[in-house]
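Visitor: According to this note's numbering, the sequence shown is numbered sequentially starting from 12. Every residue gets a Cβ at the ideal spot worked out from N, C-alpha and C, and that includes glycine. Quick one: structure below, then a few questions.
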Amino acid sequence: MNKVKKSGGMTTLLTASIAAALAPQASMAASKHHASYQSSLERRLEVMEQEMQALRAELEASRAKTEAETAEAKSEANRAAQQVQAQQAKVDQSAAELAKHEAKKDDMVFFRGGWAAMNHARTSELLVNNNLLSSNNFGSDKAGWYVGAGLDHRLTDDTFGISDDLALDAEIMFDYKNYGSVNNSFVSSVTGTRMQAQVTMFSLYASPKLKYTGIEGFRPWIVPFGLSINVISPPSSGVTVLNPGLMLGTGLEYNIFKNLWVGADFRYNFTGGDLNYSVRTNNGKTILNSTDTDNYTAGAYVGIGF
Numbered sequence: 012m013n014k015v016k017k018s019g020g021m022t023t024l025l026t027a028s029i030a031a032a033l034a035p036q037a038s039m040a041a042s043k044h045h046a047s048y049q050s051s052l053e054r055r056l057e058v059m060e061q062e063m064q065a066l067r068a069e070l071e072a073s074r075a076k077t078e079a080e081t082a083e084a085k086s087e088a089n090r091a092a093q094q095v096q097a098q099q100a101k102v103d104q105s106a107a108e109l110a111k112h113e114a115k116k117d118d119m120v121f122f123r124g125g126w127a128a129m130n131h132a133r134t135s136e137l138l139v140n141n142n143l144l145s146s147n148n149f150g151s152d153k154a155g156w157y158v159g160a161g162l163d164h165r166l167t168d169d170t171f172g173i174s175d176d177l178a179l180d181a182e183i184m185f186d187y188k189n190y191g192s193v194n195n196s197f198v199s200s201v202t203g204t205r206m207q208a209q210v211t212m213f214s215l216y217a218s219p220k221l222k223y224t225g226i227e228g229f230r231p232w233i234v235p236f237g238l239s240i241n242v243i244s245p246p247s248s249g250v251t252v253l254n255p256g257l258m259l260g261t262g263l264e265y266n267i268f269k270n271l272w273v274g275a276d277f278r279y280n281f282t283g284g285d286l287n288y289s290v291r292t293n294n295g296k297t298i299l300n301s302t303d304t305d306n307y308t309a310g311a312y313v314g315i316g317f
């Protein structure tokens with residue numbers, strides 16, 4: 012019995028000794044395992060933090076790109092809106108100018124008449140008061156009357172930017188001038204009776220017209236130059252009837268009621284020497300005069316704006 016107790020005590024002592032001997036080793040193993048686990052955990056945390064930083068950087072780059080694209084889209088939209096506004100402003104301005112032009116009714120049709128005169132009376136021509144052919148000569152007036160009509164079309168309200176108070180029109184006009192009766196020498200010599208003929212001229216004009224519009228309801232104007240085509244009757248000594256000319260003019264007009272205007276004008280028509288056919292003897296005596304068709308008019312007109 013004592014032996015058994017001694018044997019059990021020895022076993023316990025041996026077990027305790029072994030446990031005491033193994034305890035430091037177990038503690039060291041546990042410590043190493045804990046350190047290894049902590050190091051592994053720290054590495055994982057570092058990797059996760061790096062991944063999060065990379066993800067955050069990617070998100071920041073994506074957001075910056077999105078913001079840049081949004082800003083560019085807004086800028087492009089603003090540019091497009093400005094272009095649309097500019098085009099709309101031009102359209103509005105053109106519409107306003109058109110409405111203003113239509114409201115002003117600057118185009119005009121006018122009817123004119125008054126006093127007309129030639130620079131020289133028509134005498135001693137082949138068909139007009141020729142003493143060699145007929146002694147029944149009469150009528151040597153160089154003055155008479157005229158009637159006519161015309162059209163003004165507004166080209167620009169400011170003469171292409173020169174002045175806001177100076178408008179440029181295109182004028183188309185015609186008139187008939189009558190200078191009285193003369194003896195038709197050739198017909199009279201053939202028939203043996205007195206035969207009269209009307210000295211007349213028909214003229215067609217095309218010219219620019221400058222109008223001063225700085226005074227409300229009152230417009231002075233000038234025609235700096237214009238083309239005229241003139242037809243005379245009776246024919247010249249060369250038996251021709253047509254010649255061109257240069258027309259100059261000036262006048263003024265006044266608005267009396269709504270689109271109704273009245274005006275006065277003076278015009279000079281220089282026709283040159285296209286009809287200067289004459290016959291002279293050897294001693295210089297003129298048998299047949301040339302035909303001088305230079306003429307001028309002074310009169311009044313009534314215009315209707317449209």
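1) Under 8 Å: do the stretch 212–224 and the stretch 240–248 share three or more Cβ pairs, one atom per stretch?
2) Relative to the C-alpha of M184, which residue among L177, F121 and L271 is closest?
3) With distance defined between alpha-carbon atoms, name the residue in L263, T297 and F281 nearest to Y288.
4) If I follow the unbroken alpha helix (DSSP H) through V250, where does it start and stop?
5) How many angstroms separate the CA atom of N147 from the CA atom of G256?
6) Can you check DSSP and say which residues form a bridge with L179?
7) Could you check the C-alpha separation between A154 and R165 for me, to the nearest Å?
8) Is T134 closer than 9 Å to V193 when the C-beta atoms are compared?
9) Buried or exposed: D175, going by 16 or more other Cβ atoms within 10 Å of its Cβ?
10) Pull up the distance between the alpha-carbon of S247 and that of L253, whole angstroms please.
11) Since S244 is in the beta strand (DSSP E), which residue starts that stretch and which ends it?
12) Scan the stretch 117–144 and note each continuous beta strand (DSSP E) run of 3 residues or more that stays entirely inside, going in chain order.
13) Compare the C-alpha of G150 against each of N189, A181 and A178 and name the closest.
14) If distances are taken between C-alpha atoms only, which option among G310, D103 and N270 comes closest to Y157?
15) Expressed to the nearest angstrom, what Euclidean distance is found between the alpha-carbon atoms of N294 and G249?
16) Note down, in chain order, each residue of its chain lying with its Cβ closer than 7 Å to the Cβ of V198, except the 5 sequence neighbours on either side.
17) Apart from the five residues just before and just after G124, which ones in its own chain have a Cβ nearer than 6 Å to its Cβ?
18) In the DSSP output, which residue or residues are listed as bridge partners for N195?
19) Between the stretch 274–292 and the stretch 100–108, do three or more beta carbon pairs fall short of 8 Å?
20) With distances taken between CB atoms, is the gap from S200 to V139 smaller than 9 Å?
21) Look up G262 in the DSSP assignment and give the residues it is bridged to.
22) Compute the Euclidean distance between the alpha carbons of Q98 and A92, then round it to the nearest angstrom.
23) How far does the beta strand (DSSP E) with T297 in it extend, from its first residue to its last?
24) In chain order, what residues of the same chain lie with their CB nearer than 7 Å to the CB of N266, ignoring the 5 residues before and after it?
25) Buried or exposed for L56, going by 16 or more other Cβ atoms inside 10 Å?
26) Tell me which residue opens and which closes the beta strand (DSSP E) that N306 is part of.
27) Please look up how many angstroms separate the CB atoms of D118 and G316, rounded, as I've assumed it's under 8 Å.
28) Grouping DSSP H, G and I as helix and E and B as strand, with all else coil, what is K269?
Guide: Quick look at the numbers:
1) yes
2) F121
3) T297
4) Run containing V250: none; DSSP gives neither H nor E here.
5) Going from the Cα of N147 to the Cα of G256 covers about 33 Å.
6) T167 and L221
7) Using only the alpha carbons, I get a separation of about 33 Å.
8) Taking C-beta atoms as the reference points, V193 and T134 count as a pair closer than 9 Å.
9) exposed
10) S247 and L253 have their C-alpha atoms spaced approximately 9 Å apart.
11) L238 to S244
12) 119–129
13) Answer by Cα proximity: N189.
14) Measuring from the Cα of Y157, the nearest candidate turns out to be G310.
15) Looking at the backbone, the Cα of N294 and that of G249 are separated by about 21 Å.
16) M206
17) Within the same chain, G124 has close Cβ partners V158 and G310.
18) V139
19) no
20) no
21) W232 and D276
22) Looking at the two C-alpha atoms, the distance is approximately 10 Å.
23) T297 to L299
24) Correct list, in chain order: G228 and W272.
25) Classification for L56: exposed.
26) N306 to G316
27) 7 Å
28) coil
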